[in-house]
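So the protein sequences, as listed, match chains A and B.
Counting from 1, one number per residue, gives the positions in the first sequence under my numbering.
Counting from 1001, one number per residue, gives the positions in the second sequence under my numbering.
All C-beta atoms, glycine included, are put in the ideal place defined by N, C-alpha and C.
There are 2 protein chains.
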Amino acid sequence: MTTLAKDEVIKSDILDEATKLFRHYGLQKTTMEDIAKAVGKGKSTLYYYYKNKEEIFDAVIRKEKNIIFRNIQEDVSKEDSAVKKLEAFTRSKMREIKRMTTLYQVVVSEVRSCNELELGIRRNYDCTEAEILKSILQYGVITGEFPNYDQQELDMLAFLLVNAQRGVETALIMESKLDEMSEKMDFLVSVLMNGIRRS
Amino acid sequence: MTTLAKDEVIKSDILDEATKLFRHYGLQKTTMEDIAKAVGKGKSTLYYYYKNKEEIFDAVIRKEKNIIFRNIQEDVSKEDSAVKKLEAFTRSKMREIKRMTTLYQVVVSEVRSCNELELGIRRNYDCTEAEILKSILQYGVITGEFPNYDQQELDMLAFLLVNAQRGVETALIMESKLDEMSEKMDFLVSVLMNGIRRS
DNA sequence: TTCAGACTAAAAATATTTATTAGTCGAAAA
DNA sequence: TTTTCGACTAATAAATATTTTTAGTCTGAA
């Protein structure tokens, strides 16, 4: 294997600097020149590596999202019962959200007004969440922890879990009670869990 | 008892017309002149009966909110088990929301940007919801349907229920899937219910 | 006591100018 | 050939000035 292609290194540099800047100043207030300066290159050089600003932002979000979900997946896979997996999922998600509050805010709030992007990213994000949840639920059905929900019911359950959690998340963020988040989420999950477990 | 005081009649007329207009055009796009014209009075007359526009809007919201919650309370009180009460609560709330989508939108979305009002109304609205839920839960503890949750746990449960439901509501409204609302809510409530019922 | 018309001050909408910034291009450096 | 840059433009956003609308007041009439 040869050394990493030079252009891949630079692309990755650009992404790293862009990530920092977006996190600090948000999407709108970070200019292409800011990014170029941070990388130590001219502005037009960025356009040699990326089509435009949106492509950079997309790449940043995709990368960060992947990190989040890799971490979550890792935590989830450590547990061996579906119930514990679900608890791990929530705990892990909370931790990730706190760790990346700024970028999360960008995705959740700033981007919320930037219609084109919003839908894509937010939906994509939720889909991944729902996917993970669904796989956990499916696992629970297999292990016999949960009753024999059919595919449609599992979809609905995953949908409900994602959005119920988000409802609580939003309320706590709006009242800036992030510190109560864990406790309340634990309680919510334990209730939901017991609910799912019945028949 | 004498005939209803004349000014009470007019105040009520103003409220009725204002309600219609707010429902049709929203808070911002309804002017005091519009209301006055609809009532068939001059604009300044409105100020004889109400301090300002906000007071009118407040009164409209309070009145509508009372109707909603009276209807919900009525439906809830018909049931005699806590579980059925909770189901009735959700079903009834869904129906009320659909019935008043427009005004609900005003409260939920338009007012969301109108900071001063937002907090007051939204919080007030949620409080009432949470109060009803809490009383249902308390009832369930008394009847033995639910385990012996203490006061703090009941508060938390009510908070969770309100916001979990709102999360799902919001998602469905955003995707304009109001028709799936009942089905999904039923499912959510049944899950939550079973969760609450355990120990 | 109840109302209206004329009024004001504040806010909202509009138009206009100015400043930034995303993205292009052709040419130079590596 | 691959990578970089400086100079340029067109579009977007920010700032400013201008007009219109509208909430709320005041005086006085019925």
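If you draw a straight line from the Cα of Glu131 (chain A) to the Cα of Lys65 (chain A), it comes to about 14 Å. Here the alpha carbons of Lys43 (chain A) and Ile61 (chain A) stand approximately 21 Å from one another.
Between Gly1167 (chain B) and Gly167 (chain A) a beta carbon distance of about 2 Å is seen, short of the 8 Å cut, so the two are scored as contacting. A residue is called buried when at least 16 other Cβ atoms come within 10 angstroms of its Cβ; Asn1163 (chain B) meets this threshold and is buried. Put simply, the backbone Cα of Asp1080 (chain B) is about 21 Å away from that of Leu1188 (chain B).
Note on geometry: alpha-carbon atoms of Glu1145 (chain B) and Asp1179 (chain B) lie some 31 Å from one another. In the displayed model, Ser190 (chain A) falls within a helix according to three-state DSSP. With contacts defined by Cβ atoms closer than 7 Å, Ala158 (chain A) and Lys134 (chain A) form a contacting pair. The residues Tyr1049, in chain order, have a CB closer than 6 Å to that of Lys1011 (chain B) in the same chain once the five nearest residues on each side in sequence are set aside. Per the coordinates, the alpha-carbon of Leu86 (chain A) lies some 17 Å from the alpha-carbon of Leu1160 (chain B). Sequence-distant Cβ neighbours of Asn148 (chain A) in its own chain, meaning closer than 8 Å and more than five residues away, are Val141. Gly167 (chain A) belongs to the set of residues whose beta carbon lies under 7 Å from a beta carbon in chain B. Within its own chain, the residues whose Cβ lies closer than 8 Å to the Cβ of Thr1143 (chain B), once the five positions on either side in sequence are excluded, are Ser1081, Ala1082, listed in chain order. Ser1077 (chain B) and Asp16 (chain A) have their C-alpha atoms some 59 Å from each other. The shortest CA-to-CA distance from Ala18 (chain A) to any of A:Ile56, A:Phe89, A:Met94 is the one to A:Ile56. A straight line joining the alpha-carbon of Arg1091 (chain B) with that of Ser1182 (chain B) spans about 7 Å.
Close CB contacts of Asp1034 (chain B) within its chain, under the 8 Å cut and outside five residues either way in sequence, are with Leu1021, Tyr1025 (chain order). With a threshold of 7 Å between beta carbons, Ile97 (chain A) makes no contact with chain B. Residues of chain B whose Cβ lies closer than 7 Å to the Cβ of Ala164 (chain A) are, in chain order, Ala1164, Gly1167, Val1168, Leu1188. Neighbourhood of Asn71 (chain A) in chain B, by CB distance below 9 Å: empty, with the nearest CB roughly 23 Å away. In this structure, the straight-line span from the alpha carbon of Asp1150 (chain B) to that of Ser1190 (chain B) is close to 22 Å. Neighbours of Val191 (chain A) in chain B, taken as residues whose beta carbon is under 8 Å from its own, are Leu1157, Leu1160, Leu1192, Gly1195, Ile1196 in chain order. Taking a beta-carbon distance threshold of 7 Å, Ala171 (chain A) counts as an interface residue toward chain B.
The DSSP-derived three-state label of Gly140 (chain A) is helix. The alpha-carbon of Gly1040 (chain B) is positioned some 11 Å away from that of Leu1046 (chain B). When only Cα atoms are considered, Ile1014 (chain B) and Ala1088 (chain B) end up about 33 Å apart. For Lys184 (chain A), the chain B residues whose Cβ falls inside 8 Å of its Cβ are Met1156, Phe1159, Leu1160, in order along the chain. The Cβ atoms of Met32 (chain A) and Lys53 (chain A) lie closer than 7 Å to each other.
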